[in-house]
Amino acid sequence: MATPFIISLDEGTTNAKAITVTQDGDILSKGSVPVQLEHPVAGWAEQDPIAIWEATRKAIMLCLEGLDVSDLKGVAISNQRESVLIWDRQTGKPLSPVVSWQCRRSEALCQTIALSPEADEIKQRTGAVLDPLYPASKIKWLLNHLENGMERAKNGELCVGTIDVWLVWQLTAGESFVTDFSNASRYQLFNIHTGQWDSRLLEIFAIPEQCLPEIRPSSGYRGVTKNSRVLPDAIPVLSQIGDSHAALYGQDGFVDGVVKATYGTGSSLMTKSSVVPEKDFGVGTTVAWHDGELSLALEGNITHTGSALGFVTRLLGISGVDVLSEMAQSVNHNQGVYFVPALAGLGAPYWDSQARGIITGLTDATTPAVVARAAFESVTYQIADLFFAMEKTLGKPLETLSVDGGPTKNRWLMQLQADVLQRPIVCGDVAEVSALGAAYLAGRALGWWKTYADLLALPRKTHTIRPNPKSDRIEQNYQVWKSAVQKARFN
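Just so you know, the sequence shown maps onto residues 1307 to 1797 in the numbering used here.
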């Protein structure tokens, strides 16, 4: 008996993944292929756009092994956000690397704008503070460093887009040049009040609108596959959404009050919001998605969480993060040692690009295991900083935290997180929740799930980690952490 399915692609910083999802919400198969991130200059981070597409193709092939592709009904896309590239509109050839969301090469440009009244205007129109994280300054930098870049952009010869745009372009043989509202809201060129590219923001950054993609709802038709060398032709591409937004959707975040944290290379906390807050305590406003109507969300981004663990793994000369975790769990407390992973500044809620990474509290009794523990604790403390800032912004307590991402498989780490927050942690048993959220949006476009109630009726597998009773030590340690952050900010 035929089993119709959607293939959902999730292109991240370190892996290109694919899953297939049925109308019952079951995952039939998975595929994953690693992608490389390069650091050619200190503070820079970039990727090869062709390598990203090839990794995505391989993930699709792995995912489709043994399946009847005649049952494939649509394609969904979730993507790492804010990473951006330029390609030739006529040939489709990349003219730049993918400048990663982690990259700080446009720092000087942002610092110049930050000294002007335009910085406040950017925040008001976009819901986000001016920062090299966002594509606007990256695009400006790329156009400035591409021969005749500005002129070619004005003439419509160039395509500028984030990873979702690049993948749709590849899947449709260049016939669709589109993004969705969630990704568009991350460019820092999109007005969250009007729902359009903003002429004033384009003027501030001197970016021609002719080079930007068309904005479409997150759920809906955006072309069909053609000459992809991996999928049959004429399969509709039915959703595009940023990975953090997709994770919130996949964790039922369309229900008010759900707040989720995605743990990856960096981390994102997000919750749906009906209004733009008057005061945000370092938390930004973004578009959550457009699935028939536009929804907003509060969000904060942390630059280094999983990558901070990788950094300490290399620093200590050990074989991997699993070994680092074993070391960290071999000691019962941090002995006053704190690691602030401001390796490229600090993101939300501090937004301090000048902060630098530090390890404090070292003594002659400090062991590698203590430093390992400090690394894992830094993940939980950064999440806590953002969680509490989000509570202040909302003006009410948050009851639980739903989590996803690779590090959430570490139950010890999640117990630390629950203890620091003094909130239950709800862990999804599906690791690919971003891909699942994108699949839900594609399924809605197909008419598989017409309402939120239909999605809520799908089976869910979760487990909850409850905090240990609050102790003076937990609170004292958190206060010392905050002092360490201040030291990192005023090096």
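Even glycine gets a Cβ: it sits at the ideal position worked out from N, Cα and C. Since we're looking at a predicted model, the values are computed, not measured.
Under 8 Å by Cβ, that's how I've got residue i and residue j pegged, so tell me the actual separation to the nearest angstrom.
| i | j | result |
| --- | --- | --- |
| His-1639 | Trp-1595 | About 42 Å; that fails the 8 Å criterion. |
| Ile-1545 | Ile-1383 | Before going further, note that residue 1545 is Ser rather than Ile in the sequence given. Confirmed, about 6 Å. |
| Gly-1606 | Val-1589 | 5 Å |
| Gly-1455 | Val-1390 | Not a contact, Cβ separation roughly 14 Å. |
| Ala-1603 | Ser-1579 | 6 Å |
| Ile-1541 | Leu-1378 | 6 Å |
| Thr-1768 | Val-1732 | 5 Å |
| Met-1633 | Ala-1678 | 4 Å |
| Val-1676 | Val-1637 | 6 Å |
| Tyr-1555 | Leu-1747 | 7 Å |
| Leu-1477 | Val-1543 | 6 Å |
| Asp-1316 | Ser-1740 | 5 Å |
| Ser-1402 | Ala-1745 | Rounded, the Cβ-Cβ distance is 30 Å, inconsistent with contact. |
| Val-1643 | Leu-1668 | 6 Å |
| Gly-1749 | Gln-1329 | 7 Å |
Mind checking who residue i pairs with in its DSSP beta bridge?
| i | result |
| --- | --- |
| Val-1327 | Ile-1312 and Ile-1333 |
| Gly-1297 | The structure shown has nothing for residue 1297, since the chain only spans 1307 to 1797. |
| Asn-1385 | Glu-1317 and Gly-1548 |
| Arg-1287 | Because the chain is modelled from 1307 through 1797, residue 1287 falls outside the range shown and cannot be assessed. |
| Ile-1665 | Phe-1645 |
| Ser-1338 | Lys-1323 |
| Trp-1595 | Ser-1601 |
| Trp-1359 | The partner list for Trp-1359 (beta bridge, DSSP) is empty, contrary to what the question assumes. |
| Tyr-1569 | Ser-1573 |
| Trp-1393 | Pro-1400 and Cys-1465 |
| Ile-1771 | Ile-1731 |
| Leu-1378 | Phe-1311 |
| Pro-1542 | Val-1530 |
| Val-1589 | The partner list for Val-1589 (beta bridge, DSSP) is empty, contrary to what the question assumes. |
| Gln-1417 | Beta-bridge pairing links Gln-1417 to no other residue. |
| Val-1347 | Partner(s): none; Val-1347 has no beta bridge. |
| Val-1677 | Its beta-bridge partners do not exist; DSSP assigns none. |
Going by alpha carbons, who is nearest to residue i out of the options?
| i | options | result |
| --- | --- | --- |
| Leu-1507 | Ile-1521, Tyr-1569, Arg-1431 and Asp-1735 | Arg-1431 |
| Arg-1772 | Thr-1706, Gly-1433 and Leu-1761 | Thr-1706 |
| Val-1736 | Cys-1465, Thr-1568 and Asp-1437 | Thr-1568 |
| Ala-1681 | Phe-1694, Thr-1666 and Ala-1695 | Thr-1666 |
| Ala-1805 | Pro-1583, Leu-1554 and Thr-1611 | Residue 1805 falls outside the range modelled here, since the chain spans only 1307 to 1797, and no answer is possible. |
| Gly-1701 | Val-1581, Val-1404 and Ala-1414 | Val-1581 |
| Ala-1351 | Ala-1650, Ser-1376 and Val-1536 | Ala-1650 |
| Pro-1703 | Thr-1577, Gly-1653 and Ile-1392 | Thr-1577 |
| Ser-1601 | Trp-1754, Trp-1359, Ser-1491 and Gly-1318 | Ser-1491 |
| Ala-1654 | Ser-1574, Leu-1622, Val-1561 and Trp-1393 | Ser-1574 |
| Arg-1363 | Val-1474, Gly-1433, Thr-1418 and Gly-1734 | Val-1474 |
| Lys-1429 | Arg-1717, Asp-1504 and Gln-1516 | Asp-1504 |
| Asp-1761 | Arg-1458, Asn-1783, Thr-1319 and Gly-1331 | Reading off the sequence shown, one finds Leu at residue 1761, where the question assumed Asp. Out of Arg-1458, Asn-1783, Thr-1319 and Gly-1331, Gly-1331 has the C-alpha closest to the C-alpha of Leu-1761. |
| Gln-1660 | Cys-1416, Leu-1668, Leu-1401 and Gly-1398 | Cys-1416 |
| Ile-1469 | Pro-1441, Glu-1481, Glu-1515 and Leu-1495 | Pro-1441 |
| Asn-1450 | Ser-1684, Arg-1411 and Asp-1486 | Arg-1411 |
| Pro-1310 | Gly-1380, Thr-1319 and Gln-1342 | Gly-1380 |
| Phe-1617 | Phe-1645, Trp-1447 and Val-1637 | Phe-1645 |
| Thr-1418 | Ser-1443, Arg-1779 and Lys-1793 | Ser-1443 |
| Leu-1495 | Pro-1514, Phe-1587, Leu-1630 and Gln-1342 | Pro-1514 |
| Leu-1518 | Ser-1534, Ala-1479, Pro-1538 and Val-1471 | Val-1471 |
| Gln-1386 | Ser-1482, Gln-1782, Thr-1571 and Pro-1346 | Thr-1571 |
| Thr-1319 | Gly-1749, Glu-1388 and Gly-1398 | Glu-1388 |
| Glu-1697 | Phe-1587, Arg-1795 and Glu-1781 | Phe-1587 |
| Asp-1374 | Ile-1624, Ala-1308, Trp-1657 and Leu-1448 | Ala-1308 |
| Thr-1531 | Thr-1673, Gly-1480 and Thr-1672 | Gly-1480 |
| Ile-1445 | Ile-1547, Lys-1399 and Trp-1393 | Trp-1393 |
| Thr-1591 | Trp-1447, Thr-1699, Ile-1547 and Asp-1558 | Thr-1699 |
| Tyr-1656 | Leu-1448, Glu-1360, Lys-1793 and Ile-1312 | Lys-1793 |
| Val-1339 | Glu-1360, Val-1347 and Pro-1346 | Glu-1360 |
Exercise for the section: Kindly provide the ranges of any beta strand (DSSP E) runs that are 3 or more residues long and lie completely inside the region 1629 to 1661, ordered along the chain. Expected result: If we require 3 residues or more, the beta strand (DSSP E) runs fully inside the region 1629 to 1661 come out as 1644 to 1646.
Exercise for the section: Give a yes or no on contact between the region 1687 to 1699 and the region 1718 to 1731, applying the rule of three or more CB pairs nearer than 8 Å. Expected result: Contact between the region 1687 to 1699 and the region 1718 to 1731 is present, because at least three Cβ pairs lie under 8 Å.
Exercise for the section: Could you tell me whether the region 1354 to 1372 touches the region 1330 to 1346, where touching means 3 or more Cβ pairs closer than 8 Å? Expected result: With a cut-off of 8 Å on Cβ pairs, the region 1354 to 1372 is in contact with the region 1330 to 1346, counting three or more such pairs.
Practice task
Decide yes or no for the touch test of the region 1345 to 1359 against the region 1708 to 1725: beta carbon pairs closer than 8 Å, at least 3 of them.
Solution key: The region 1345 to 1359 makes no contact with the region 1708 to 1725; the number of CB pairs closer than 8 Å stays below 3.
Handout entry: Ranges of the beta strand (DSSP E) found wholly within the region 1440 to 1512, counting only runs of at least 3
Key = Within the region 1440 to 1512, the complete beta strand (DSSP E) runs of at least 3 residues are 1464 to 1468 and 1484 to 1486.
Handout entry: Touch test, the region 1488 to 1504 against the region 1450 to 1464, Cβ-Cβ under 8 Å, three pairs minimum
Key = Counting Cβ pairs under 8 Å, fewer than three are found: no touch.
Practice task
Say whether the region 1508 to 1522 touches the region 1607 to 1627, bearing in mind that this needs 3 or more beta-carbon pairs closer than 8 Å, one atom from each stretch.
Solution key: In short, these stretches do not touch, since the Cβ pair count stays below three.
Practice task
Kindly provide the ranges of any beta strand (DSSP E) runs that are 3 or more residues long and lie completely inside the region 1728 to 1762, ordered along the chain.
Solution key: Counting whole runs of 3 or more residues, the region 1728 to 1762 contains the beta strand (DSSP E) stretches 1731 to 1734.
Handout entry: Given 8 Å, three or more beta-carbon pairs between the region 1415 to 1429 and the region 1399 to 1406
Key = Not touching, per the Cβ criterion.
Exercise for the section: Decide if the region 1432 to 1450 is in contact with the region 1308 to 1325; the criterion is three or more beta carbon pairs, one per stretch, under 8 Å apart. Expected result: No, the region 1432 to 1450 does not touch the region 1308 to 1325.
Problem - Inter-stretch contact (C-beta, 8 Å, three-pair minimum) for the region 1472 to 1489 and the region 1517 to 1524 - result: Result yes; three or more Cβ-Cβ pairs closer than 8 Å.
Practice task
Output the residue ranges of the beta strand (DSSP E) runs that lie fully inside the region 1686 to 1719 and measure 3 residues or longer, sorted by chain position.
Solution key: Here the runs fully enclosed are 1707 to 1710.
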